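In this note's numbering, the protein residues as written are 1 to 390.
Every residue gets a Cβ at the ideal spot worked out from N, C-alpha and C, and that includes glycine.
For clarity, every value in this text was computed on a predicted model and none was experimentally measured.
Each remark here refers to the structure printed beneath this line.
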């Protein structure tokens, strides 16, 4: 793929005109394409809160997505802001090198006990020699994912009960009742994105690790002052504050047919037919777009399903069936009608603040099982699309 790839180029603008997509990069380069597939992912635009006084801090500050590898960690007093997936994963390794580690937590998270297993050299050699072993393990993990978290989040039942019990069992590894209370969420497991770790709870109980649940008031030269007036002196602040879950391909600007911009198309919020196509944006596809099953399935598996669907559409283009394809507005409206009817039965509407929710508190997720998504995406139904010839 290297010969077909342009590296270190950020696309800033795309416009559909004269029957093609015209692409412009941050360095001023331009190109044209018959199709665009936005494989920009869900979480790529960082969320970097502007804390008062952060410019006055005398130590180092960086976001986890912009890690400064030149900063020495050993023997430092390190503060981590944010207790989501990224912040949780960092606590164990940082606790092994920090003189003092402080986690500033706004909302506790449910943590599902999946071990980060190290595979032995023998296993790696065996999989290379007998590929069926790796494929069998993949199918096992896929089966378990689809029938536990994949189902538990979209309807009540034994799957959800097992999910709850496993998260509670994991939490009970925290022996101090006061600390355990600070780490106990007031919502059901799965309402926010489920964190997965078996190393966080042992690490947060280490003598050199503190959990701070008071809100941050401001940042000063010597550290972080919380709203109870306490100054937590630090040498390094790591912002594990996550990403903008509604950015999708933005900040790239897009203009489709009829001079329709993406901002105009999404004025009331991101919408895409079956998470991949948008009216007035011909020959444009997305991976892990709005209402993909990212809340109850693997993003990689979703992208694989969507990629297969997209390639089947492009194959029809190559066969001369059409020159331009875009979803019908009525297909989009019908899709979102059924989505919104199904959402009340899901775990995401049970009362928590989550980046899954839009400004109206509606989850931008797939409210059914991953198996249903795979089935509906197995073959394109071209009755839902405008197919046009040049």
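Asked: Coarse secondary structure for residue 204, derived from DSSP in three states; Found: helix
Asked: Beta-carbon gap between residue 219 and residue 24 smaller than 8 Å; Found: no
Asked: For residue 50, three-class secondary structure by DSSP; Found: coil
Asked: Residue 97 vs residue 87 beta-carbon contact at 8 Å; Found: no
Asked: Local Cβ density within 10 Å of residue 367, reported as buried at 16 or more and exposed below that; Found: buried
Asked: Contact belief for residue 356 with residue 295 at Cβ below 8 Å, rounded distance in angstroms; Found: 6 Å
Asked: Which of helix, strand or coil DSSP assigns to residue 360; Found: coil
Asked: Range covered by the alpha helix (DSSP H) that runs through residue 86; Found: 85–95
Asked: Beta-carbon proximity check, residue 166 vs residue 113, cutoff 8 Å; Found: yes
Asked: Cβ-Cβ distance between residue 283 and residue 60 below 8 Å; Found: no
Asked: Residue 13 - DSSP class collapsed to helix/strand/coil; Found: strand
Asked: CA-to-CA distance, residue 131 to residue 371, given in whole angstroms; Found: 25 Å
Asked: Span separating the alpha-carbon of residue 185 from that of residue 354; Found: 13 Å
Asked: Beta-carbon spacing of residue 322, residue 365 below 8 Å; Found: no
Asked: Cut-off 7 Å between Cβ atoms - residues of its own chain near residue 127, not counting five sequence neighbours on either side; Found: 133, 134
Asked: Under 8 Å between C-beta atoms of residue 203 and residue 307; Found: no
Asked: Where residue 193 falls, given that 16 or more other Cβ within 10 Å makes a residue buried; Found: buried
Asked: According to DSSP, residues forming a beta bridge with residue 77; Found: 100
Asked: For residue 390, the nearest candidate out of 18, 225, 200, 13 (CA to CA); Found: 18
Asked: Range covered by the alpha helix (DSSP H) that runs through residue 340; Found: 329–342
Asked: Distance between residue 189 and residue 266 (C-alpha atoms, nearest Å); Found: 30 Å
Asked: Contiguous alpha helix (DSSP H) assignments of at least 4 residues, all confined to the stretch 94–174; Found: 121–129, 131–147, 149–152, 158–171
Asked: Reference residue 240; option with closest CA among 57, 1, 43; Found: 43
Asked: Straight-line Cα distance separating residue 179 from residue 225; Found: 21 Å
Asked: Identified DSSP bridge partners for residue 218; Found: 225
Asked: Among 260, 300, 200, the one whose alpha carbon lies nearest that of residue 173; Found: 200
Asked: Proximity to residue 195 [Cα-Cα], best of 84, 46, 170; Found: 84
Asked: Cβ shell of residue 214 (< 6 Å), same chain only, five flanking positions each side left out; Found: 226, 227, 228
Asked: Proximity winner among 72, 157, 286, relative to residue 347 (alpha-carbon distances); Found: 157
Asked: For residue 142, the nearest candidate out of 325, 332, 299, 327 (CA to CA); Found: 299
Asked: Contact between the stretch 270–287 and the stretch 312–327 (3+ Cβ pairs under 8 Å); Found: yes
Asked: Unbroken beta strand (DSSP E) run spanning residue 387, endpoints; Found: 385–388
Asked: Closest by C-alpha distance to residue 242, when choosing among 46, 222, 274, 70; Found: 46
Asked: Reference residue 116; option with closest CA among 90, 104, 100, 129; Found: 90
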